Structure formats: structure tokens, C-alpha cells
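S.K.:
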Amino acid sequence: MDYFEIESGSRLSGEISVYSAKNAVLPMMASTILTKNGTNVFRNIPNIADVRMMANVLRKLGADVDFDKDKHILSIDTENVNNFEAPYELVRKMRASFLVMGPLLARFGIARVSQPGGCAIGSRPIDQHIKGFSQLGAEICEEHGYTVARAKQLHGNVVYFDRPTHTGTENIMMSAVLADGTTKIINAAQDPEIADLAEMLNQMGAKITGAGTSIITIDGVNSLEAVDYTPIGDRLEASTYLFATICTGGEITVNNISPEHLNTVLFKIIEMNAKLELGENWIKLTASGCPRAVDIITDPYPGFATDVQPIIMAALCRADGTSVVWERIFENRFIHIMELQRLGANITISGDRATIVGVKQLEGAEIMASDIRAGAGLTIAALGANSKSVVRRVYHIDRGYQRLEERLSSLGAKIVRKTD
Ligand code: EPU
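In terms of the working numbering, the sequence shown opens at residue 1067 and continues consecutively.
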């Protein structure tokens, strides 16, 4: 198993360009099922485990998928899809596999997808997806741990989500594009990746308006054409480099990222006393001295992203003062705290709130990743510690970051990947 060995004492500096956002790429890959012929091409795609996993799900369904990992170009042709089942052995490894449900249902009138179950950050139900498919006229049943949806033709309708769901909004949007009539999603998630998916679907020939707001309108069309598309830059990857620099001190510029997509995060960075300069598609951050403590409440976009919570927490461990982090999206997203405590952080948890009293120094230790963002947070916390650390289970990090250690090294971090 791979692990990171991290030496302390580096200040990050330089420029880095982020890849396309994992959470835009995955639904876009699923949406290629909606196109009957032609090759869909996606660019600037990171060579990460989740992309390779979604490629395997699509191959299992019968699609031709080619991933040029050096050029970061992914080509997908779904003409020969002839299997409508996403099996347990794939879905259990990546719950985003559930995103093939909407497109399969829309194109073939049937989808059989293993129920994803819980994961390290929470129970993560799919009831809102199911409610949405039913509203569009699908018959749903559950068989031996699988969700089966059937509909000769989906019909446009109003879909109301009890709470905004990122992949739920995408799944319903993708199923409604080929429905008969108009669908309105009310209380939709507003994340930029959803707006980007809608932009891509519209380039395929869909008629979607309002994506990126809480009400999305989809006028069904008869068919969609393959596209050549470059998804938006990854705001979570960008956040990781920004907070890494706050942990170590230094000055970096992150390219290929729209500052607008990071709004709330950037406000917190300013409150923490780092300096920012913003361009249309870049962010420059200068961090010197000890960051100021800030309070965080995670919320659906445009609120503070739960995915950035473990990452900002790494930087707050050494802040001047006391920070309170209130995690409101996932009930189990504090597993990284025990590992931060191993580095000497002073954190107490009370229910869904964590209180972090900043310490002068973190000490190097052996720590362990439990999910993608927890792993990223622990890695950057270790960069700012006063001695050597080891981060284990980096396969979690590899799901969402292409060679994070090489990317951080390119900014001056002393971090290497080793194998047991
Ligand atoms: N929820 C329900 N019922 C549903 C769906 C969601 O109760 O049917 C709840 C969830 O349990 C959670 C909240 O609604 O409490 C929001 O969950 P959401 O559905 O938005 O999460 P998701 O779509 O499963 C995506 C990202 C996650 C990210 C969350 C929250 C992808 C592939 N995944 O998951 O990304 O944490 O939104 O923003 O887009 C990551 O990239 O590391 C990651 C975990």
C-alpha cells in the first residue's frame, strides 16, 4: 500500500493549474449514455481512480471508453450500450456510479443499479433521487440490494427536493432531458458543477435553463448529439493548494479556476488574514505568519462546502484563537479529527460541532486518510508540522487527486510517495 512521507519546513511557492472538476466529470461521463452515436470527448481530465472507476462502469454497460492519460483526454462512445445494470462490485467502490441511473432510464426505459449504501462520511441515502424518478413516471422497485427503475417514456413534471442534493439534481436533470414535456426541479442544488453539466447537455442539444440556481427548467427533446467539452476547473483541488499554502506560509497562484466558484471559501481565507488577488480564471494567495481563527458552517452551495471542511480545519489547527466548525451536511465527517489530534491539534467535538483551539506548532506523526478530503486535509496539516509525518491509506486521496504529492512537490513541498 502506498503512503506519503512528508518533511516539514517547506514554504509553498509558484503556479499550478487545476484539472477539470471530478464532480463535474463524473456526471458528464454518465450523461454520454444519453447520446446514441458519435464519440464524446472530454478534456483536461485528471487521471484519478474515480474517473477510471466510472470508465469501468460505462465499459460494463457496453460503452467504448478510451482514456489518454498523458493528454488528459477521455473519449466515450455509447452506441453499443446493451446492458442496463451497474453491479454491486463497482457501485460499492464509488457511490457516484449511481449517476448512470438517470441516463439509462431516459435512453432505454430501464436501469438496474446497486444501492450505494453508506460510506465513511455518512449514511448518504438516495431517497430524493428515487422520488424524482417516480415523479417523472418511473416505476421503482428494490430487488436484492438493487434499485430497478422502469418507464416506457418519462414525462416531465415538477420534482421537489426536501433538501438540495448534488448528484440527485444531476440524476434528475439527466433523466428529464429526454422526457416528454417540461420538468421543473425545485430546491435544486446550485453547485457550479451542476451548471456546467447543464451547459454540456445544452451543447448536446438539451434545453435546460436555471441550472446553478434553485429552480431548474428542462424542456424534453427527442435526441442528443455527442460533444467535445472541457469541464470547469476543480474548486476542491484549488482549495487544497490554497489552504496548503496557509499551512506552510508562502505565495502561490492557482490557474484554471473561476474565483466565483470559491466565493465563500475565499471570504474565509480573507478572514484568516491571507492576502488574495483574483483574476477571471486565477487566484493568487500570499500567506505569512499565523492565520486568524474563523468559524465555519457547512451548507449547500453557495454556503461553505462540506468538502472543504477537513481542508480548512488543517489550517485552523495552528490559527491564532479558537474556531468552531459546524458540519451540517454529513453526520460523520469528523473522522479526520482523531488524526489531527495525533499531530497535536487541540480539537474537541460536541455532536456536529468541533472546537479548535489553535496551537503554536503541530508535531509530525503517523496518520491515516479515511476519505478523499480527510486525506487531503491531513496531508496539508502534516506539511505545516515541525517534523516528519507519514500519511497512510493514500488510495483514498488518489480517488480525487492525480498524484497530489507530485503537485505539492511542484510548489516546493517535501513530500514523496512510498510503497510498503
Ligand atoms: N441526501 C438525502 N437524500 C438523498 C440525497 C442526499 O438525504 O437522496 C442528503 C445527504 O445524506 C447529505 C445531503 O443530502 O446529507 C447532501 O448530499 P448530496 O446528495 O448533495 O451529496 P452527493 O451528491 O452524494 C456530492 C459530491 C460529494 C460532496 C456532496 C456534498 C459528487 C460525485 N459527490 O455528493 O463529493 O461531498 O455532494 O457537496 O458530486 C468528494 O468529492 O470528496 C465528495 C464526497
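The C-beta atom is built at its ideal place from N, Cα and C for all residues, glycine as well.
Here the structure is a predicted model, which is why all the values come from computation and not from measurement.
Mark D1347 as exposed unless 16 or more other C-beta atoms lie within 10 angstroms of its C-beta, in which case mark it buried.
M.R.: One point to set straight first is that residue 1347 is Asn, not Asp, in the sequence displayed. By the neighbour-count rule (16 or more Cβ atoms within 10 Å), N1347 is not buried but exposed.
S.K.: Could you pull out every unbroken beta strand (DSSP E) segment of at least 3 residues lying fully inside the region 1366–1403, listed in chain order?
M.R.: For the region 1366–1403, whole beta strand (DSSP E) runs of length 3 or above, ordered along the chain, are 1388–1392.
S.K.: Does at least one heavy atom of the ligand EPU sit under 8 Å from the Cβ of H1195?
M.R.: Yes - the ligand EPU has a heavy atom lying nearer than 8 Å to the Cβ of H1195.
S.K.: My output table needs one value for G1168: the three-state DSSP class, helix, strand or coil.
M.R.: G1168 falls in the helix class under three-state DSSP.
S.K.: Hey, is K1454 close to the ligand EPU, as in C-beta under 8 Å from one of its heavy atoms?
M.R.: No.
S.K.: How is R1161 classed by DSSP in three states: helix, strand or coil?
M.R.: Residue state, collapsed to three classes: helix.
S.K.: Am I right that I1099 and R1161 are in contact with their C-beta atoms under 8 Å? What's the rounded C-beta distance?
M.R.: Not really, about 18 Å apart at Cβ, beyond 8 Å.
S.K.: Taking three-plus beta-carbon pairs below 8 Å as touching, is the region 1229–1236 in contact with the region 1251–1271?
M.R.: Yes, they touch.
S.K.: Along the beta strand (DSSP E) that carries C1207, what are the first and last residues, could you check?
M.R.: Element bounds for C1207: E1205 to E1209.
S.K.: Any contact of the region 1423–1432 with the region 1394–1401, i.e. 3+ C-beta pairs under 8 Å?
M.R.: As far as the Cβ criterion goes, the region 1423–1432 does not touch the region 1394–1401, which means the pair count is below three.
S.K.: Report yes if the C-beta of N1089 is less than 8 Å from at least one heavy atom of the ligand EPU; otherwise report no.
M.R.: Because some heavy atom of the ligand EPU lies under 8 Å away, the Cβ of N1089 counts as near it: yes.
S.K.: CA-CA distance, N1089 and I1082?
M.R.: Their backbone Cα atoms lie some 20 Å apart in a straight line.
S.K.: I'd like to confirm the pairing. Which residues does DSSP put opposite E1405 in its beta bridges?
M.R.: Answer is none; E1405 lacks a bridge partner.
S.K.: Taking a contact to mean a Cβ-Cβ separation below 9 Å, would you say T1364 touches E1405 in this structure?
M.R.: Contact flag unset, no.
S.K.: Nearest by alpha-carbon distance to F1164: which of A1385, V1391, V1131 and A1096 is it?
M.R.: Selected option, being the one with the closest Cα: A1096.
S.K.: Any heavy atom of the ligand EPU inside 8 Å of the beta-carbon of G1355?
M.R.: Because no heavy atom of the ligand EPU lies under 8 Å away, the Cβ of G1355 does not count as near it: no.
S.K.: From the DSSP secondary-structure annotation, give me the bridge partner or partners of H1221.
M.R.: Its beta-bridge partners are D1246.
S.K.: Exposed or buried, which one is Q1194 when buried takes at least 16 other CB atoms within 10 Å?
M.R.: Looking at its Cβ environment, which holds 16 or more other Cβ atoms inside 10 Å, Q1194 is buried.
S.K.: State the Cα-Cα distance for the pair D1136 and E1205, rounded to the nearest angstrom.
M.R.: So the two alpha carbons sit approximately 43 Å from each other.
S.K.: At which residues does the alpha helix (DSSP H) containing M1120 begin and terminate?
M.R.: From DSSP, the alpha helix (DSSP H) with M1120 extends over A1115 to L1127.
S.K.: With three or more C-beta pairs closer than 8 Å as the rule, is the region 1410–1422 touching the region 1374–1394?
M.R.: Taking 8 Å as the limit for Cβ pairs, the verdict is that the region 1410–1422 does touch the region 1374–1394.
S.K.: Considering only C-alpha positions, which residue in the set G1478, T1279, G1316 and I1298 is nearest to S1324?
M.R.: Looking at the Cα atoms, I1298 is the closest of the given residues.
S.K.: Considering only DSSP beta bridges, list what F1150 is partnered with.
M.R.: Paired residues: none, contrary to the question.
S.K.: Is any non-hydrogen atom of the ligand EPU found closer than 8 Å to the C-beta of A1152, if you look at the structure I gave you?
M.R.: It does not: the Cβ of A1152 is nowhere closer than 8 Å to a heavy atom of the ligand EPU.
S.K.: Would the C-beta of R1258 count as close to the ligand EPU, meaning under 8 Å from any of its heavy atoms?
M.R.: It is worth fixing the name first, because residue 1258 is Pro in this sequence and not Arg. No, Cβ of P1258 sits at least 8 Å from all heavy atoms of the ligand EPU.
S.K.: Residues in its own chain within less than 6 Å of M1240 by CB, not counting five upstream and five downstream?
M.R.: So the list reads S1097, G1168 and P1169, once near-sequence residues are dropped.
S.K.: Once DSSP output is grouped into helix, strand and coil, what is the label at N1339?
M.R.: Here N1339 sits in coil by DSSP.
S.K.: Any idea if E1208 is buried or exposed, counting beta-carbon neighbours within 10 angstroms, 16 or more meaning buried?
M.R.: Exposed, since its Cβ has fewer than 16 Cβ neighbours within 10 Å.
S.K.: Please find out if some non-hydrogen atom of the ligand EPU comes closer than 8 Å to the beta-carbon of V1367.
M.R.: The sequence shown places Tyr at residue 1367, not Val. Checking every heavy atom of the ligand EPU against the Cβ of Y1367, one is found closer than 8 Å.
S.K.: Report buried or exposed for M1067, applying the criterion of at least 16 other Cβ atoms within 10 angstroms of its Cβ.
M.R.: Exposed: under 16 other Cβ atoms inside 10 Å.
S.K.: CA-CA distance, Y1154 and H1210?
M.R.: Rounded to the nearest angstrom, the two C-alpha atoms are 10 Å apart.
S.K.: Determine the closest residue to V1225 out of K1218, S1200 and V1214, with distance taken between C-alpha atoms.
M.R.: Ranking K1218, S1200 and V1214 by Cα distance to V1225 puts S1200 first.
S.K.: How about T1231: is its Cβ closer than 8 Å to a heavy atom in the ligand EPU?
M.R.: Yes, the beta carbon of T1231 sits closer than 8 Å to at least one heavy atom of the ligand EPU.
S.K.: I believe S1180 touches L1477 by the beta-carbon criterion, under 8 Å. Please report the beta-carbon distance rounded to the nearest angstrom.
M.R.: Contact flag wrong, Cβ pair sits at about 39 Å.
S.K.: Where does Y1461 land, buried or exposed, given buried means 16+ other C-beta within 10 angstroms?
M.R.: Classification for Y1461: exposed.
S.K.: Which first and last residues belong to the alpha helix (DSSP H) in which K1135 is found?
M.R.: Segment: none, K1135 is in no alpha helix (DSSP H) and carries neither H nor E.
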